[in-house]
Amino acid sequence: MMHLVITGDSQGLVPIVLGPNTPAERPYRGGRGIAELRGVELPDDRRPEDFVASTTEVAGGHGVGLTVLPDGRLLRDAVEADPVGWLGPDHVARFGADTGLLVKLLDTAERLFVHVHPDDEFAAARLGARSGKTEAWIITAVDGEGAIWLGFERPVDPDEVERWYDDQDVDAMLRAMRRFTVAPGDTVLVPAGLPHAIGAGITLVELQQPVDLSILIERRGLDERTALLGLPKRTALAALRTAALADEELVDLRSRRAAEGATVPFPPAADRFFRAEVVDVRGDRMLDAGFAVLVVLEGDGRLVTGGAAVPVRRGTTVVVPHGAGAVRVEGDLRLVRARPPVAEAAR
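Residue numbers (UniProt numbering): 1 to 347.
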């Protein structure tokens with residue numbers, strides 16, 4: 001039997017098990033991998049994303065994407081009511097009542113659009129947004145080839161990109177991009193500005209900056225205002241990095257690091273945006289206090305705090321407030337622990 005034991009209960013805050021949060025009618029098909037990981041049924045194949053511990057709305061979604069806690073409160077409201085208890089004093093001093101993190105489960109039944117996310121500077125200047133969107137992926141399952149497209153193999157001219165967009169010449173876009181395949185356990189950091197697309201049949205855990213901003217170079221029939229976030233075409237396409245992605249850069253974006261009792265799945269460049277560990281527990285492990293999102297990838301057991309025991313298993317997601325204290329993990333399981341950046345290293 002495996003046990004995940006939570007110690008510490010300051011200010012009455014405890015880890016909270018979260019149910020699925022899968023916005024409907026996303027613009028691409030998927031969700032089967034999420035359903036399989038979680039052991040649930042989804043109502044249709046337009047649920048390709050599960051927003052985990054989310055204080056981030058889907059763009060234009062009027063509250064869609066926000067996590068609702070079991071007591072009926074929005075997580076966003078709970079954090080705003082007690083930011084120090086949820087996030088800790090150092091985090092609040094740097095970021096305020098903003099978790100600084102969005103975690104998703106993502107599953108593709110078809111190749112995603114060729115798209116790009118703006119960086120912090122572009123998002124602030126052109127969109128009035130609190131941040132851009134650097135993201136990173138931990139691959140959990142692959143059904144098929146596992147194709148990924150990331151960055152350009154050669155320098156491209158902005159006029160060439162504009163022609164691709166005008167003609168919706170997707171074959172030309174994909175031919176110009178770096179293509180590689182992934183398998184379960186692989187990881188990829190995707191800096192803002194790099195064009196990318198995820199092939200069909202891939203399930204992953206995604207960490208990202210907490211905004212929903214995508215510029216779609218490949219529209220697939222979506223209107224231009226939606227595809228370009230309401231920006232003029234040339235302004236929007238200027239968010240794209242047109243320089244080639246060098247071999248050594250790609251190797252670094254796919255690298256990981258060893259840590260005590262865990263694997264850090266992303267290179268150091270990720271630390272100013274978010275932090276993650278893949279933790280393998282074979283017996284006993286302590287996790288230090290701090291706001292975190294846990295995704296159990298393998299195993300089953302329970303969360304124990306304040307005399308209560310909550311079962312967890314593969315596919316369970318948990319939000320851990322800072323005020324819950326240190327986390328003691330016992331048993332035989334694997335989980336992702338996602339956290340915001342440390343204040344000193346933040347962007």
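Glycine included, each C-beta is placed from N, C-alpha and C at the ideal position.
Keep in mind it's a predicted model, so treat the numbers as computed, not measured.
In this structure, Ala109 lies away from Ala243, with their beta-carbon atoms at least 8 Å apart. By the Cβ test, the segment 145-157 is not in contact with the segment 66-80, since fewer than three Cβ pairs between them sit closer than 8 Å.
In terms of Cβ geometry, Leu228 and Gly193 do not form a close pair [threshold 8 Å]. In this structure, Thr134 lies away from Phe291, with their beta-carbon atoms at least 8 Å apart. For Arg130 and Asp119, the gap between their C-alpha atoms comes out near 11 Å.
The DSSP assignment places 102-107 and 135-142 as complete runs of the beta strand (DSSP E) inside the segment 86-144, in order along the chain (cut-off: 3 residues). In this structure, Gly63 is the residue among Gly63, Ala343, Gly12 and His196 with its C-alpha nearest to the C-alpha of Thr22. A Cβ-Cβ contact shorter than 8 Å links Pro195 with Val116. Taking every protein chain shown into account, the CB of Leu294 has 16 or more other CB atoms within 10 angstroms, so this residue is buried.
Arg163 and Val312 have their alpha carbons spaced roughly 51 Å apart.
At the C-beta level, Arg314 and Leu37 come within 8 Å of one another.
Contact between the segment 328-342 and the segment 268-282 is established, with three or more Cβ pairs separated by less than 8 Å. With respect to the 8 Å criterion, Leu42 and His322 are not classified as neighbours on the basis of their beta carbons.
Taking the Cα positions, Ala53 is about 23 Å away from Glu330. Take Glu218, set aside five residues on each side of it, and the residues of its chain with a beta-carbon closer than 8 Å to its own are Phe113, Val114, His115, Gln168, Val170, Met173 and Ala197, in chain order. Counted as a single uninterrupted DSSP element, the alpha helix (DSSP H) harbouring Gly33 occupies residues Arg32 to Arg38. One Cα belongs to Gly61, the other to Glu25, and the distance between them is close to 11 Å. Assignment of Arg234 by DSSP, reduced to helix, strand and coil, places it in the helix class. Phe51 sits buried, since 16 or more C-beta atoms from the chains shown fall within 10 Å of its C-beta. If you check the CB distance, Thr99 and Val84 do not come in under 8 Å. Inside the segment 140-206, DSSP marks whole beta strand (DSSP E) runs of 3 or more residues at positions 147-152, 177-181, 187-190 and 196-198, from first to last along the chain. Looking at the DSSP output, Phe291 sits in no beta bridge, so it has no partner there. Only residues of its own chain outside the window of five on either side were considered, and among them Arg285 have a CB closer than 6 Å to the CB of Gly261, listed in chain order.
Under the three-state reduction of DSSP, Leu74 is assigned to strand. Around the C-beta of Ala246, fewer than 16 other C-beta atoms lie within 10 Å, and the residue is accordingly described as exposed.
Taking the C-beta atoms as reference points, Ala123 is found no nearer than 8 Å to Thr187. Asp50 carries a strand assignment under DSSP once its states are collapsed to helix, strand and coil. Scanning its chain for C-beta atoms nearer than 6 Å, with the 5 sequence neighbours on each side dropped, one finds around Ile34 the residues Asp50, Leu105 and Asp107, in chain order.
Taking every protein chain shown into account, the CB of Thr181 has fewer than 16 other CB atoms within 10 angstroms, so this residue is exposed. Within the DSSP secondary-structure output, Thr317 pairs in a beta bridge with Leu18 and Val295.
Only residues of its own chain outside the window of five on either side were considered, and among them Val312, Arg313, Arg314, Gly315, Thr316, Leu333 and Leu335 have a CB closer than 7 Å to the CB of Val296, listed in chain order.
Judged by beta-carbon spacing, Asp45 lies beyond the 8 Å limit of Gly65, meaning their Cβ atoms are not closer than that value.
Between Leu127 and Leu213, the gap from beta carbon to beta carbon is short of 8 Å. Per DSSP, reduced to three states, the secondary structure at Leu333 is strand.
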